[in-house]
Amino acid sequence: MNYATRARDLLLELKSSDFLPTYNEEGVRAALTEINHHTDALTDLVRAANRSQGNDSQQQGIPIESRPSMILHDASIRRNKRCLLAYHAYRIDKLRNLRWETSGTLPSRVSPLLCEAELEFFRAYDKLVANTSLSGGTVGILDYNADMLPPTENFIMVRVVEEGLGKIETESCGVVELEVGTMHYLPRGDVEGLVRRGALVQLSGEEC
Amino acid sequence: MAATQTMPSYYDIDTILAEEELIQIRPSFPFSHLSHLDPEHRSRKRRRVDKENVGNANRGSSVVGTAPHVLEEGAKIKMPMWAVDRWVVLGFVTVTLPGVYGRKMKERLQADPVSVDLGTNNTHYFLSGLLLASLLQRASQIAKRHRSRSASSPALQLSALAQSLRYSLLNAMMGDRLRRNFDWTLSALDAMEDDASGHVGRLSVLEKLMFEKGVESSGAVVRWREGGSGRIAGSKVVVRG
Chain V
1 MNYATRARDL LLELKSSDFL PTYNEEGVRA ALTEINHHTD ALTDLVRAAN RSQGNDSQQQ
61 GIPIESRPSM ILHDASIRRN KRCLLAYHAY RIDKLRNLRW ETSGTLPSRV SPLLCEAELE
121 FFRAYDKLVA NTSLSGGTVG ILDYNADMLP PTENFIMVRV VEEGLGKIET ESCGVVELEV
181 GTMHYLPRGD VEGLVRRGAL VQLSGEEC
Chain Y
209 MAATQTMPSY YDIDTILAEE ELIQIRPSFP FSHLSHLDPE HRSRKRRRVD KENVGNANRG
269 SSVVGTAPHV LEEGAKIKMP MWAVDRWVVL GFVTVTLPGV YGRKMKERLQ ADPVSVDLGT
329 NNTHYFLSGL LLASLLQRAS QIAKRHRSRS ASSPALQLSA LAQSLRYSLL NAMMGDRLRR
389 NFDWTLSALD AMEDDASGHV GRLSVLEKLM FEKGVESSGA VVRWREGGSG RIAGSKVVVR
449 G
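These protein sequence lines are chains V and Y, in that order. First residue of the first sequence: 1, per this note's numbering; consecutive thereafter. First residue of the second sequence: 209, per this note's numbering; consecutive thereafter.
Structure representation (structure tokens):
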């Protein structure tokens, strides 16, 4: 019998990846199957111990020789559970951070790494943040994505590096067409999300 | 009074992996249904059966076997720390510290702490050591409670082992290794001047984490000096892609 080796391998996969490895459904299923095996084995041991206790009226409680085996099965169940929870918590944390880094746009190279439930989580979390931003309350409409660091200027110079961005509508500059290679001097708040997701590059004074 | 200890995070992956450190144990009594844990069980059983057969043949009686699937008392086995945690705490087994926490390694770390390579085979050296010390401390407290009226020498032994382990880990981590690590965090960004890969390769996971945080902070200071907080940082995922 294995003792949580598949669950450990899931965590090693996470550690060896730069961002996230592809969701390992087979590994998760193997860990769940192992939990079931340990549960069955533990149930059998407890039943056997109870039976022998019933037969032997002088014996009190579970015999000490059987306890280590029960404890080991219990530890294996807990270990598998912990590894699985840590595996999913790590991935969910990464997705949550990604939502703030990219203002809700899932980069194309990330989507194939996620399972259906994770994609659904990302969409639902994005929706939740968007709804909270728009709900207003006492402070009015507040965009939590704007100005992650205190801004030093209202306008910034940017260069377009991604194709197919089309036109954007800004508050003070009207409609601006973002063609690859063009440079624009635009309100920081309007383009911050695009810079963060890598579609635009902010230029400093020397680069302009 | 029990020493205050910080609980490691339940979800922390490095802590979970650090608990995979193999510990050598010896059962204090026979363990039922666990003979498969002892790699030498079969050969030992065969030897014993042969001996019994010879003895029985001399006496002219039939073979009498021992209980099946029993891990014998005193059998030497290696198990991950997480698997033996409850056994150690309940006093079901006696523990021997892994070789990497033994005298030889201590001496090497005392003699030249900076050059010891913890990044190849002992990546969780400090984390595993701290968890092991905490386990021994818990076991000693339980043993003390259970044997409060009698002489509690096992409790004292475990407590002394835990303290000595904790002390040696602290000495190894907080001395020259830490100073050198912080030095590297300041110069690692300048790849033309210094190549940090040799240094990073020798670090344990905990030290590597400190190194990465240090380099990140050094970079943030440089960026802030150059452009204040006006520059928008791109998403790390996008930049790497």
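Note that the Cβ used here is the ideal one computed from N, Cα and C, for glycine as well. Computed from a predicted structure; not experimentally measured.
TODO: Evaluate Y124/V with the Cβ neighbour count: other Cβ atoms within 10 Å of its Cβ, from every protein chain shown; 16 or more gives buried, anything less gives exposed.
DONE: In the sequence under discussion, the amino acid at residue 124/V is Ala, which differs from the Tyr named in the question. It counts as exposed.
Task: Neighbour list for Y218/Y in chain V, Cβ cutoff strictly below 7 Å - done: Scanning chain V for C-beta atoms nearer than 7 Å to the C-beta of Y218/Y yields R82, reported in chain order.
- [ ] Tell me whether V180/V is buried or exposed, calling it buried when 16 or more other Cβ atoms sit within 10 Å of its Cβ.
- [x] Taking all protein chains in view, the Cβ of V180/V is surrounded by fewer than 16 other Cβ atoms within 10 Å, so the residue is classified as exposed.
Open item on the list: To be precise: take each residue of the region 229 to 240 of chain Y, compare its Cβ to all Cβ atoms of chain V, and keep it if any distance is under 9 Å. Which residues remain?
Closed with: So the list reads P235, F237, P238, F239, S240, given in the order they occur along the chain.
Open item on the list: Only counting the same chain, and skipping five residues up and downstream in sequence, which positions put a Cβ closer than 8 Å to that of T252/V?
Closed with: Nothing in the structure corresponds to residue 252/V, since chain V is present only between 1 and 208.
Task: L411/Y and L335/Y closer than 8 Å at C-beta - done: In this structure, L335/Y does not lie closer than 8 Å to L411/Y by Cβ.
Task: P306/Y beta carbon less than 8 Å from that of G383/Y - done: Their beta carbons are not under 8 Å apart, which means G383/Y does not touch P306/Y by this criterion.
Task: Unbroken alpha helix (DSSP H) run spanning H184/V, endpoints - done: Note, H184/V: premise wrong, no alpha helix (DSSP H); beta strand (DSSP E) at 183 to 187.
- [ ] Return the chain-ordered list of same chain residues with a C-beta closer than 8 Å to the C-beta of S236/Y, the five sequence neighbours on each side being excluded.
- [x] Excluding sequence neighbours, S236/Y sits near E281, G299, F300, V301, T302.
TODO: Would you decide whether E34/V is buried or exposed? Buried here means 16 or more other CB atoms lie within 10 Å of its CB.
DONE: E34/V comes out buried.
Open item on the list: Please classify H277/Y as buried or exposed, where buried requires at least 16 other C-beta atoms within 10 Å of its C-beta.
Closed with: It is exposed - the Cβ of H277/Y has fewer than 16 other Cβ atoms within 10 Å.
Open item on the list: Considering Cα atoms alone, identify which of A41/V, R51/V, P151/V is closest to Y3/V.
Closed with: When the alpha-carbon of Y3/V is set against those of A41/V, R51/V, P151/V, the nearest one is in A41/V.
- [ ] Name the residue from K127/V, L178/V, E169/V, H184/V whose alpha carbon lies nearest to the alpha carbon of F155/V.
- [x] Comparing Cα positions, the closest option is H184/V.
Open item on the list: Count Cβ pairs between the region 97 to 112 of chain V and the region 62 to 79 of chain V that sit closer than 8 Å; are there 3 or more?
Closed with: The answer is no - the region 62 to 79 of chain V does not touch the region 97 to 112 of chain V, with fewer than three Cβ pairs under 8 Å.
Open item on the list: Does I92/V come out as helix, strand or coil in the three-state DSSP assignment?
Closed with: Looking at I92/V - three-state DSSP - the assignment turns out to be helix.
- [ ] Pull up the DSSP beta-bridge partners for T302/Y, would you.
- [x] DSSP output for T302/Y lists R234/Y as bridge partner(s).
Open item on the list: In whole angstroms, give me the CA-to-CA distance for A199/V and L186/V.
Closed with: Taking the straight line from one Cα to the other gives about 14 Å.
Task: Residues near N330/Y by beta carbon distance below 6 Å, same chain, minus five either side - done: Same-chain partners within the cutoff: V308.
- [ ] Can you pull the chain V residues whose beta carbon is under 9 Å from the beta carbon of F300/Y, in chain order?
- [x] Chain-ordered, the chain V residues with CB closer than 9 Å to the CB of F300/Y read I64, R67, P68, I71.
Open item on the list: Tell me which residues share the same chain as A380/Y and place their Cβ nearer than 7 Å to its Cβ, disregarding the 5 neighbours each side in the sequence.
Closed with: Scanning its chain for C-beta atoms nearer than 7 Å, with the 5 sequence neighbours on each side dropped, one finds around A380/Y the residues L317, P321, in chain order.
TODO: Select from L11/V, P21/V, R82/V, I64/V the residue whose C-alpha is nearest the C-alpha of W295/Y.
DONE: Considering only alpha carbons, the answer is I64/V.
Open item on the list: Can you tell me which residues form a DSSP beta bridge with I243/V?
Closed with: Outside the shown range of chain V, which is 1 to 208, sits residue 243/V, and nothing can be said about it.
TODO: Verify the CB distance criterion: does L242/Y have a CB-CB separation below 8 Å to chain V?
DONE: Closer than 8 Å to some Cβ of chain V, the Cβ of L242/Y qualifies, so yes.
TODO: Report the option in F121/V, C115/V, A31/V whose CA atom is closest to the CA atom of I77/V.
DONE: The candidate whose alpha carbon is nearest that of I77/V is A31/V.
- [ ] Give, in chain order, every unbroken run of the alpha helix (DSSP H) that is at least 4 residues long and sits entirely within the region 281 to 346 of chain Y.
- [x] Runs of the alpha helix (DSSP H) inside the region 281 to 346 of chain Y: 289 to 298, 311 to 319.
Task: 8 Å Cβ cutoff met for A347/Y and L366/Y - done: Their beta carbons are under 8 Å apart, which means A347/Y touches L366/Y by this criterion.
TODO: Pull up the CB-CB distance for R109/V and L20/V, whole angstroms please, since I reckon it's below 8 Å.
DONE: At roughly 10 Å, the Cβ-Cβ gap does not stay under 8 Å, so R109/V and L20/V are not in contact.
Open item on the list: Helix, strand or coil for R196/V? Go by DSSP, reduced to three states.
Closed with: Residue state for R196/V is assigned as helix, using DSSP reduced to three classes.
Task: Residue interval of the beta strand (DSSP E) (run including V176/V) - done: Segment 174 to 177, the beta strand (DSSP E) holding V176/V.
TODO: Please compile the residues from chain Y whose C-beta is within a distance smaller than 8 Å of the C-beta of Q202/V.
DONE: In chain order: R439, I440.
Task: Identified DSSP bridge partners for V201/V - done: Its beta-bridge partners are R159/V.
Task: Inter-residue CB distance, L344/Y and L369/Y (contact presumed, cutoff 8 Å) - done: Going by Cβ atoms, the distance from L344/Y to L369/Y rounds to 5 Å, so yes, they are a contact pair.
Task: Close Cβ partners of E13/V (< 7 Å) along its chain, the five nearest in sequence each way excluded - done: Same-chain partners within the cutoff: P21, N24.
TODO: Helix, strand or coil for T170/V, going by three-state DSSP, please let me know.
DONE: Correct three-state label for T170/V: strand.
Task: For F390/Y, the three-state DSSP class (helix, strand or coil) - done: In the structure shown, F390/Y adopts helical secondary structure according to DSSP, grouped into three states.
- [ ] In angstroms with no decimal places, state the Cα-to-Cα distance between R188/V and P107/V.
- [x] Straight-line Cα distance between these residues: approximately 22 Å.
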